[in-house]
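Note sheet for the following structure.
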Amino acid sequence: MTIKTHISAGVAVAMNRSDDFNQFILDSIHRHLSGDWGEVSDSDMESNNTDPLYSLSAYIAPDGQKIWIKQDCTILTVLFPEEY
102 MTIKTHISAG
112 VAVAMNRSDD
122 FNQFILDSIH
132 RHLSGDWGEV
142 SDSDMESNNT
152 DPLYSLSAYI
162 APDGQKIWIK
172 QDCTILTVLF
182 PEEY
């Protein structure tokens with residue numbers, strides 16, 4: 102299965118400004134695809150584990166910025182919560 106990744110405008114700007122943030126995003130995508138949902142509620146974790154093709158994960162960068170990764174079947178979207 103091929104998964105298409107979309108990066109929101111805000112995350113793209115932050116990635117262009119910082120190699121460290123860029124690496125954090127790549128690491129977070131890997132974590133998401135590996136079933137490590139990061140900082141989500143127990144109910145979100147249970148839902149993600151039940152149907153990982155429709156999942157939401159959340160990660161906090163070393164600088165404190167929070168990102169979400171939302172998967173809808175074969176579409177993976179990386180965004181800041183305020184961009185939802």
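Numbering-wise, our numbering comes out as the position in the sequence shown, counting from 1, plus 101.
Ideal placement from N, C-alpha and C gives every residue a C-beta, glycine not left out.
Return the CA-CA distance between residue i and residue j, expressed in angstroms with no decimal places.
| i | j | result |
| --- | --- | --- |
| A159 | M102 | 23 angstroms |
| E140 | I161 | 8 angstroms |
| V114 | K105 | 19 angstroms |
| W138 | D164 | 19 angstroms |
| E147 | L157 | 11 angstroms |
| D120 | Q172 | 24 angstroms |
| S144 | T175 | 22 angstroms |
Once the 5 residues before and after residue i are set aside, which same chain residues still bring their CB inside 6 angstroms of it?
| i | result |
| --- | --- |
| N123 | M116 |
| F125 | A162 |
Where DSSP assigns a beta bridge to residue i, which residues make up the other side?
| i | result |
| --- | --- |
| Q172 | S156, L177 |
| I161 | K167 |
| H131 | None; H131 has no bridge partner. |
Taking residue i and residue j to be in contact with their CB atoms under 8 angstroms, please state how far apart those CB atoms are, rounded to whole angstroms.
| i | j | result |
| --- | --- | --- |
| I170 | I130 | 7 angstroms |
| I168 | L180 | 7 angstroms |
By Cβ distance, which residues of its chain are closer than 8 angstroms to residue i, with the 5 residues on each side in sequence left out?
| i | result |
| --- | --- |
| A110 | E184 |
| R118 | none |
Relative to the alpha-carbon of residue i, which residue among the options has its alpha-carbon at the smallest distance?
| i | options | result |
| --- | --- | --- |
| S135 | I126, P153, P182, V179 | P153 |
| P182 | R132, C174, Q166 | Q166 |
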